[in-house]
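Number of protein chains: 2
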Amino acid sequence: MTISTRKERQKEELRGKILQAAKELFMQKGFEDTSIRNIAEKIEYSPTTIYLYFKDKDDIFCELHKEGFKLLNQYFRSLAHVSDPFERLKAINKAYITFALENGELYDLMFIIRSPINSIAKDDSDWEEGKRAFAFLTETIKECIAKGYFENMQPDIVAFTVWSMVHGIVSLEIRNRCSVVESLNQKDLARQASEMINEILDRMHKSVQ
Amino acid sequence: MTISTRKERQKEELRGKILQAAKELFMQKGFEDTSIRNIAEKIEYSPTTIYLYFKDKDDIFCELHKEGFKLLNQYFRSLAHVSDPFERLKAINKAYITFALENGELYDLMFIIRSPINSIAKDDSDWEEGKRAFAFLTETIKECIAKGYFENMQPDIVAFTVWSMVHGIVSLEIRNRCSVVESLNQKDLARQASEMINEILDRMHKSVQ
DNA sequence: ATAACTAACTTAACACCGTTAAGTATAATC
DNA sequence: GATTATACTTAACGGTGTTAAGTTAGTTAT
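Residue numbers (our numbering), protein chains in the order written: chain V, -19 to 189; chain G, -19 to 189.
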């Protein structure tokens, strides 16, 4: 028993090493620019070994995709204690942007890259953590509505809108499309972006008071 | 003279054919999934011929990038006659989303794809039409501000915010990340998105009256 | 103890990719 | 008619994801 569990543990360890190496390389060079051979070299195994642990490159993608959402949920979890829902909503925005800019390549993987997202969409377990993150946002917005914010608006439509606003900013930044706007200080984009979004939310709120 | 101009014309024609073939393939399969060999096969030339007309694949990208912005400006131009700036702004949002969803792969090229956007950023001529499009938006917002909208906000910050809001929606759709929101009718996304954005703008306006 | 089997890994290969060096055939020029 | 320039192609390089077949060590069965 002990011997077979050790073997199983070792297998799991190698799987973890592959994932770790893949993650580090993806963070450095991005998904497209990281090859199976690169990963193999890093862990000092032959490229084909990786296929004993993962179906294909997309399978590794999926794993890190899930990991990314776990991390995002960690960023969010620390906000659960903020009791005022509107303040929490603004904090979510800030946390989301911080997460995206601190983990650019991971964010890319989660929300921008094309790759195997169509195959991933079928399997519900791949989106579990993603849905949890979105649910946290939706729940916060429901509380806001209960307090009189976003009157006459559907919670998940508001949630989607808020999400897409921050995603818009972040993805333009990550894919380097901000250069057309000269007056935007690239370095302080996170702060400026947060402010803009929260300014918008504030004004929306004032409109219904 | 006639003979050399004919040759020049023929060269230009082939260049155009390459661009046209590339465009069609990009629209069908996306940039990454279209190879130089695919383009060559389509126009019945050898792959290397393409390198006589374009420096590399990124060079073709740049050309279509510029073309995309020209087309976007065509969508915008038809809105110049809308005299009320706030109505025009809302029409711009609608047109932008329509453009993006009608020309998904082209939009991808312009605003999402990583590829050679860093090399493109240096050359100002590549962004000429892009800046014209953004200027149209900024100008409209300046007029809005002159009429009392967006009080105490910087025009190009507002412009960037508006842009990123619509970009957020559109890019989540194009890269298939909308599936987490079950209540969003995928088919009518354009309409729903337009409505959401314009609802937000309306509420922002009411807040300062 | 030896034979058969299994697990973990590697080698070699396939068909593709972007790109380039060298070659060819045709047309223009001297 | 010889040379040179133009327009194009062939063949190759080093890379990619992926797979079929081979190897080597360890486990199990007789």
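C-beta: ideal position from N, C-alpha, C; glycine also.
Original post:
Any idea what DSSP makes of H61/G, helix, strand or coil?
Top reply: The residue labelled residue 61/G in the question sits at position 81 within the second sequence. H61/G: coil per DSSP, three-state reduction.
Original post:
Who are the near neighbours of T14/G in its chain, counting only those whose CB is closer than 6 Å to its CB and skipping five residues on each side?
Top reply: By 1-based counting over the second sequence, the position of residue 14/G is 34. Cβ neighbours of T14/G beyond the five flanking positions: L5, F6.
Subject >> Inter-residue Cα distance where the pair is S105/G and Q(-10)/V >> reply: As a position in the second sequence, residue 105/G is number 125, starting the count at 1. As a position in the first sequence, residue -10/V is number 10, starting the count at 1. Roughly 56 Å separates the two Cα atoms.
**OP:** For R155/G, I'd like the list of residues in its chain whose CB is within less than 6 Å of its CB, leaving aside the five on either flank, ordered along the chain.
**Re:** Position 175 of the second sequence, counted from the start, is the residue given in the question as residue 155/G. Counting only Cβ-Cβ distances below 6 Å, and skipping sequence neighbours, we find nothing.
Original post:
What did DSSP end up calling E(-8)/G once you bin it into helix, strand or coil?
Top reply: Within the second sequence, the letter at position 12 stands for residue -8/G. It is helical.
Subject >> Short Cβ contact (9 Å threshold) for N73/V with V146/V >> reply: As a working note, residue 73/V is residue 93 in the first sequence. As a working note, residue 146/V is residue 166 in the first sequence. Contact: yes.
Original post:
Less than 9 Å separating the beta-carbons of P135/G and I149/G?
Top reply: Taking the first residue of the second sequence as position 1, residue 135/G is located at position 155. Taking the first residue of the second sequence as position 1, residue 149/G is located at position 169. Taking 9 Å as the Cβ cut-off, P135/G and I149/G do not qualify as a contacting pair.
Original post:
Helix, strand or coil: how does DSSP classify V161/V here?
Top reply: In the first sequence, the residue the question calls residue 161/V occupies position 181. In this structure, V161/V counts as coil in the three-state DSSP scheme.
Subject >> Near-chain G residues of the stretch 52 to 79 of chain V (beta-carbon distance less than 8 Å), N- to C-terminal order >> reply: none
Subject >> Contact with chain G by T141/V, beta-carbon distance below 9 Å >> reply: Looking up residue 141/V in the first sequence gives position 161. Output row for T141/V: interface = yes.
Original post:
With 9 Å set as the bound, which would you pick, yes or no: does the beta-carbon of C158/G sit closer than that to a beta-carbon of chain V?
Top reply: Counting from 1 along the second sequence, the entry for residue 158/G is found at position 178. Put simply, the CB of C158/G is near chain V, with a gap under 9 Å to one of its CB atoms.
Subject >> Contact set for I19/V: own chain, Cβ-Cβ below 7 Å, skip 5 residues either direction >> reply: In the first sequence, residue 19/V corresponds to position 39, counting from 1. Excluding residues within five positions, the ones whose Cβ falls inside 7 Å are I(-2), A1, A2, L5, I30.
**OP:** Counting only the same chain and skipping the five closest in sequence on each side, list residues whose C-beta sits under 7 Å from that of K70/G.
**Re:** The residue you call residue 70/G lines up with position 90 of the second sequence. Once the five neighbours on either side are set aside, the close Cβ partners of K70/G are N178, L181.
Original post:
Do the stretch 110 to 127 of chain V and the stretch 137 to 145 of chain V touch if we need at least three Cβ pairs shorter than 8 Å?
Top reply: yes
Subject >> Through-space distance from L117/V to L(-6)/G, alpha-carbon basis >> reply: Here residue -6/G is taken as the residue at index 14 of the second sequence, counted from 1. Here residue 117/V is taken as the residue at index 137 of the first sequence, counted from 1. Those two C-alpha atoms are separated by around 53 Å.
Original post:
In three-state terms, what does DSSP make of D106/V?
Top reply: The residue given as residue 106/V occupies position 126 in the first sequence. Residue state, collapsed to three classes: helix.
Original post:
Does DSSP put G84/G in a helix, in a strand, or in coil?
Top reply: Numbered from 1 along the second sequence, position 104 holds the residue referred to as residue 84/G. Looking at G84/G - three-state DSSP - the assignment turns out to be helix.
**OP:** Take the Cβ of L164/G as the centre, count every other Cβ of all protein chains shown within 10 Å, and call the residue buried at 16 or more, exposed below.
**Re:** For the purposes of this step, residue 164/G is taken as residue 184 along the second sequence, with counting starting at 1. Per the 10 Å Cβ criterion, buried.
Original post:
Which residues, taken in chain order from the stretch 34 to 54 of chain V, show a beta carbon closer than 9 Å to some beta carbon of chain G?
Top reply: Answer set for the stretch 34 to 54 of chain V: empty.
**OP:** With M133/V as the anchor, note down where its alpha helix (DSSP H) starts and where it stops.
**Re:** To locate residue 133/V, count along the first sequence from 1; it is residue 153. Note, M133/V: premise wrong, no alpha helix (DSSP H); not H, not E.
**OP:** Could you give the DSSP three-state label for Y76/V: helix, strand or coil?
**Re:** Along the first sequence, read from residue 1 onward, the residue named residue 76/V stands at position 96. In the structure shown, Y76/V sits in a helix (DSSP, three-state: H, G or I).
**OP:** Kindly indicate the opening and closing residues of the alpha helix (DSSP H) around L89/G.
**Re:** Position 109 of the second sequence, counted from the first residue, corresponds to residue 89/G. Note, L89/G: premise wrong, no alpha helix (DSSP H); not H, not E.
**OP:** Identify whether Y33/V lies in helix, strand or coil by the three-state DSSP scheme.
**Re:** Counting from one through the first sequence, the residue named residue 33/V turns up at place 53. Note: Y33/V maps to helix in three-state DSSP.
**OP:** Could you run through the stretch 110 to 134 of chain G and flag, in chain order, every residue whose CB is less than 8 Å away from some CB of chain V?
**Re:** G110, K111, F114, M133, Q134
Subject >> Under 9 Å between C-beta atoms of S151/V and S151/G >> reply: As a working mapping, residue 151/V is identified with position 171 in the first sequence. As a working mapping, residue 151/G is identified with position 171 in the second sequence. Yes, these two residues count as a Cβ contact at 9 Å.
Original post:
Of the choices F130/V, K127/V, F114/V, whose alpha-carbon is the least far from that of S144/V?
Top reply: For the purposes of this step, residue 144/V is taken as residue 164 along the first sequence, with counting starting at 1. Looking at the Cα atoms, F114/V is the closest of the given residues.
**OP:** Indicate whether at least one CB of chain V lies closer than 9 Å to the CB of F91/G.
**Re:** On the second sequence, residue 91/G is found 111 positions in, with the first residue counted as 1. For F91/G, the answer is yes, since a Cβ of chain V falls inside 9 Å of its Cβ.
Original post:
So what's G148/G in DSSP terms, helix, strand or just coil?
Top reply: Sequence index remark: in the second sequence, residue 148/G carries index 168 (1-based). G148/G falls in the helix class under three-state DSSP.
**OP:** Would you verify that the beta carbon of S26/G is, or is not, closer than 9 Å to some beta carbon of chain V?
**Re:** Locating residue 26/G in the second sequence gives position 46, where the first residue counts as 1. Not closer than 9 Å to any Cβ of chain V, the Cβ of S26/G fails to qualify, so no.
**OP:** Can you pull the chain G residues whose beta carbon is under 8 Å from the beta carbon of S151/V, in chain order?
**Re:** Along the first sequence, read from residue 1 onward, the residue named residue 151/V stands at position 171. At a C-beta separation below 8 Å, S151/V has these neighbours in chain G: I92, H147, G148, S151.
Subject >> Terminal residues of the alpha helix (DSSP H) in which N18/V lies >> reply: Taking the first sequence and counting its residues from 1, the one referred to as residue 18/V is at position 38. Residues 16 to 23.
Original post:
Measuring CB to CB, does F77/V end up less than 9 Å from S174/V?
Top reply: Taking the first sequence and counting its residues from 1, the one referred to as residue 77/V is at position 97. Taking the first sequence and counting its residues from 1, the one referred to as residue 174/V is at position 194. Per the sequence presented here, residue 77/V reads as Ile, with Phe not at that position. Result yes, Cβ atoms of I77/V and S174/V sit closer than 9 Å.
Original post:
Taking only beta-carbon atoms, is L86/V less than 9 Å away from chain G?
Top reply: Sequence index remark: in the first sequence, residue 86/V carries index 106 (1-based). No, L86/V does not count as interfacial toward chain G.
**OP:** Alpha carbon to alpha carbon, how far is E162/V from M109/V? Give it in angstroms, no decimals.
**Re:** Counted from its first residue, the first sequence places residue 109/V at position 129. Counted from its first residue, the first sequence places residue 162/V at position 182. Correcting the residue identity first, residue 109/V is Glu in this sequence and not Met. If you take the alpha carbons of E109/V and E162/V, they lie about 37 Å apart.
**OP:** Could you tell me whether the Cβ atoms of M93/V and E12/V are closer together than 9 Å?
**Re:** Counted from its first residue, the first sequence places residue 93/V at position 113. Counted from its first residue, the first sequence places residue 12/V at position 32. This sequence places Ile at residue 93/V; Met is not what is there. Yes.
Subject >> Per-residue contacts from L164/G into chain V (C-beta, under 7 Å) >> reply: As a working mapping, residue 164/G is identified with position 184 in the second sequence. Within chain V, the residues near L164/G are F140.
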